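Reading through the structure tokens given below for one structure.
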Amino acid sequence: MRLTPTFDTDRLQAEVGHLTRLTWARQRTYTEQGEGLESPVEWRVLALRNQGGDEQRTDAGGPGTAPFTNTRWLDSTPYLAEVLASLPRGMRAARLMSLAPGAQVATHRDTPMGLPYGMVRLHIPIVTNDGAVLVLDGDTHCWKPGTFWYGDFSRPHSIANSGASNRIHLVIDTALTPELLDLFPRTSVDRIDVADVLFERPELPLRPGELASFRGRVTVPAAFANWSAEPLDDTVSIGDQHSSIVAEDGRLVLVGPDARIGLVHVGAGEFRLQGWTEERTMHIDRRAEAIRFTIRNGSCWWTEQSPFLAGA
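What follows is the structure, encoded as structure tokens:
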């Protein structure tokens, strides 16, 4: 669906024109092990914002300790910076994604992504042609430069560029907030079942004296540690993770065998994962010495409880 507002096509194209002189890296996906393999097609990315502000990183990011920050490329593109700054809080990654002439990306799903997961992917086309199309749930789209779009990319979709020029979109991943939903068409919002929408709550930082009481040892269930929510490759085995919660630089960090993930307090001892949404949270009940792990999909919940050994 088309969102508001519309952006200045000439300014967008002028700034992206300067950036096309740079070497854009091939698209990668985020996996439980970090960045995945490069895309086999000519699909390239220049990151304007990502985890740690790493200009070499082309994936959309995931649970970790590095906050999402701007890369140096955004400093040289004031209008693109203005566009991103105009969006409500909750923005994660922002990437310029270029699909070369003749390239095709096979049908796939982006998960967990969409209103029930609390994370949405927005597109602003900048350079395109009539042969650059998105097929989403069987419907073909050719979005015009400067327009602003939301698509439910958890549904089957593919992209192809049969034209003679690159197709370049600004692709923005952001947590869902009521302010962001205000950009959606009113007729579309009226049809949304709000009970199936997962809104992000603002962070409620813990005071320094409170951090110590949340430190301890815990076993993270295997399902909770499968961030992609996709069936794992046969070569990958994720079991229960014996982990620790530690305090570092005024924040809590979940330390497992293969990962370090910041914890963001959203109230009453409940934490979401840094770099993620409230699709996955941990509620630490210090009195009962237990942690409840929750995975949400709209109004559907999965929970599992593990013992919490405080201070260990």
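Be aware that the sequence shown starts at 1, since it is given in full-length UniProt numbering, and climbs by one per residue. Even for Gly, the Cβ is constructed at its ideal location relative to N, Cα and C. As the structure is a prediction and not an experimental result, all values here were calculated from the model.
Collapsing the DSSP output to three states places P307 in a strand. Nearest in C-alpha terms to V133, of all of R121, G250, A103, is A103. For F271, the enclosing beta strand (DSSP E) covers residues 270-273.
Our two residues, R167 and V246, have alpha carbons roughly 45 angstroms apart in a direct line.
Excluding sequence positions up to five before and after W43, its CB lies within less than 8 angstroms of the CB of R26, Q27, M97, S98, L99, A100, A103, V105, all in the same chain and listed in chain order.
Relative to L22, the option among T71, T147, L46 whose CA is nearest is L46. Under the three-pair Cβ rule at 8 angstroms, the region 188-197 does not count as touching the region 5-20.
R292 is the residue among R292, R286, E248, P78 whose C-alpha sits nearest the C-alpha of R272.
Assignment of F293 by DSSP, reduced to helix, strand and coil, places it in the strand class. Closest option to A268, judged by alpha-carbon separation, among E203, S244, A259: E203. Secondary structure note for R186: it is in no beta strand (DSSP E), and the uninterrupted alpha helix (DSSP H) holding it is 186-189. Of the candidates A310, E289, L252, C142, L252 places its Cα closest to the Cα of G64. Given a length threshold of 3 residues, each whole run of the beta strand (DSSP E) inside the region 1-31 is given here in chain order: 28-31. The Cβ neighbour count for G239, taken over all protein chains shown within 10 Å, is under 16; the residue is labelled exposed. T128 has its alpha-carbon roughly 7 angstroms from the corresponding atom of K144. Listed as beta-bridge partners of M113 by DSSP are no residues whatsoever. Looking only at T219, A225, F214, L309, the smallest Cα-Cα distance to E270 is reached by F214.
For S165, the three-state secondary structure derived from DSSP is coil. Put simply, the backbone Cα of Q13 is about 26 angstroms away from that of D152. For W301, the number of other beta carbons within 10 angstroms of its own is below 16, and it is reported as exposed. Out of P78, V264, G17, L181, the CA that lies nearest to the CA of R201 is found in V264.
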